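Input: a single structure, listed below in structure tokens.
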Amino acid sequence: MSTFLPQEFIATIRDGKTVAPGDVKSFIDGIATGAVSDAQISAFAMAVFFNDLAAPAKVALTEAMRDSGDVLNWSDLDGPVLDKHSTGGIGDNVSLILAPIIAACGGFVPMISGRGLGHTGGTLDKFDAIPGYSTSPDNALFRNCVKQIGCAIIGQTGNLAPADKKIYAIRSATATVENTSLITASILSKKLAAGLDGLVLDVKCGSGAFMQTVSQARILANSLVDVANGAGVKTSGLITDMNQPLASAAGNAVEMQNAIDFLTGKHRDSRLLEVTFKLCIEMLLHGKLVTGADEARSKITKALQSGRAAEIFAHMVKMLGGPADLLDAPQKHLPKAPVIKDIFAETSGHVSSIDTRQIGLAVIVLGGGRKRPDDQIDYSVGFDQLAPIGTKLDINRPIARVHARDATSAQEAARMIRAAYNIGDQPDSTNIIIERIDFKESQ
Ligand code: URA
């Protein structure tokens, strides 16, 4: 008979003492069996919120949440299984480009993605802009797509880390979301359930990110990197700048179009290119598909220049139910907003800084994001041609182009974008890669 008592376990955390990893597992296992009540989950979350967990307990929490449902097994594949996770930003369509590049370089990417959260966009919403594409295929189709094509980007399946679903809902309702241990276990339990060999984390930092300062981003990045490695997945992290949109588009169909233009070579935003390359290099190194960064860079360049990454993306879209000619004729398929207008600044000058969060909020105001969890979104709306920091704006160069469902929402979004853009002197250029976080063996 088990001697584990949930109330004693919670009291240990409440009093700031060390909990045994085995007890963490008993607590999480008790969620599925009913031995642990919702009231105890919320008390646990609040105790962790105030006192946090030591590294071994954080690893145990992540592993127990991962094992609360299905853990995918890819032993039938003849290459490494790799993935990336971003903490969320504006114009962050890296996943759309990165997954087919890694597949073209010999890796396999079973990418389980999420919807928009707060002011940030979500990869799944971008794929929902493609008519017919299924973000919830059955398991057999998902596995075939990864095996035959090398990547599949889909949503969280029913039985993937169900303990996280339960705990997350309670955290949302009990003001206990913002805790590094809980965020780490929540993000990683889902990623690790995908059965990965290697992972890279893109921890965003700045005005468009959840982590506004480098020190906050560093704490989260270190926690994620240490716990993922502690759970046996080779993982590194990059802290990247989110003080301006990453791509020049923000919205769903417009970001999909931007990614297609990137893959086909029609247009490549330079900051998006740099972040994508750096993340892909980490993944190829983790998967031992290359021996160094230079070899990785040339493999990635070849995957793009040869058109192989674009071809893989097209095959994935077709296999998951989308149009076979999406890359040849994206405008024929992606939803188009009825009102498309330039937004000009009121004065000429250089873009000196951007309140990037406001761009994400403007996408929501246009109808391209959710105000409530069950809101239907309009995939056609958003912005493109967003001017990066340093751009000279004048009567010929607008701040951006708005895609809106009507003139009134276009006007409101234009007002928000003008307020988000500060115009003045040309600023000094800043690095997009702020810091690299690697696993420290001593921890
Ligand atoms: N995303 C998650 O999946 N979980 C969190 O706790 C925060 C962000």
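In my numbering, each residue carries its 1-based index in the sequence shown increased by 7.
Yeah, the Cβ is synthetic: ideal placement off N, Cα and C, and Gly gets one too.
Model, not experiment: these values are computed from the prediction.
Run of the alpha helix (DSSP H) containing residue 183, from where it starts to where it stops: Looking at the DSSP string, residue 183 is not in any alpha helix (DSSP H), and its letter there is neither H nor E.
Touching by the beta-carbon criterion (3+ pairs, under 8 Å), the segment 242-254 and the segment 279-299: yes
Local conformation of residue 419 per DSSP, three classes: helix
Pairwise C-alpha distance: residue 205 and residue 450: Reliability of the predicted coordinates at residue 450 is poor, the pLDDT of 44 falling under 50, and the value obtained from them is presented with this limitation in mind. So the two alpha carbons sit approximately 19 Å from each other.
Cβ pair residue 158, residue 107 closer than 7 Å: yes
One or two residues paired with residue 318 in a DSSP bridge: Looking at the DSSP assignment, residue 318 forms no beta bridge with any residue, so it has no partner.
Of the residues 394, 37, 381, 65, the one placed nearest residue 237, counting alpha carbons only: 65
Residue 443, DSSP secondary structure in three states: strand
Own chain residues within Cβ distance below 7 Å of residue 45, not counting five before or after: 177
The segment 217-229 contacting the segment 259-278, beta-carbon criterion three pairs below 8 Å: no
At least 3 beta-carbon pairs within less than 8 Å: the segment 130-138 vs the segment 292-306: no
Residue 449 (DSSP reduced to helix, strand or coil): Here the model assigns residue 449 a pLDDT of 47, short of 50, so the residue's position is not dependable, and the following value carries that caveat. Coil, per DSSP.
6 Å CB neighbourhood of residue 321 in its chain, flanking five on each side removed: 334
Between the CA atoms of residue 363 and residue 355 - distance to the nearest angstrom: 20 Å
Runs of beta strand (DSSP E) wholly within the segment 304-360 (minimum 3 residues, chain order): 346-350
Whole-angstrom C-beta distance between residue 92 and residue 194, which should lie under 8 Å: 6 Å
Contact the segment 142-153 vs the segment 10-25: 3+ CB pairs below 8 Å: no
Supposed close pair residue 359, residue 434 - CB separation, criterion 8 Å: 5 Å
Residue 122 classed as buried or exposed, judged by whether at least 16 other C-beta atoms fall within 10 angstroms: buried
Top-ranked residue by Cα proximity to residue 96, from 171, 249, 70: 249
Rounded straight-line distance, which links the Cα of residue 410 to that of residue 387: 7 Å
Residue 193: CB within 6 Å of a non-hydrogen atom of ligand 1: yes
Cβ-Cβ separation, residue 171 to residue 197 (assumed contact under 8 Å), whole Å: 6 Å
Which residues DSSP lists as bridging residue 391, in chain order: 408
Reference residue 426; option with closest CA among 266, 445, 368, 384: 368
With 16 other Cβ atoms within 10 Å as the buried cut-off, status of residue 293: buried
Distance cut-off 6 Å: residue 190 Cβ against heavy atoms of ligand 1: yes
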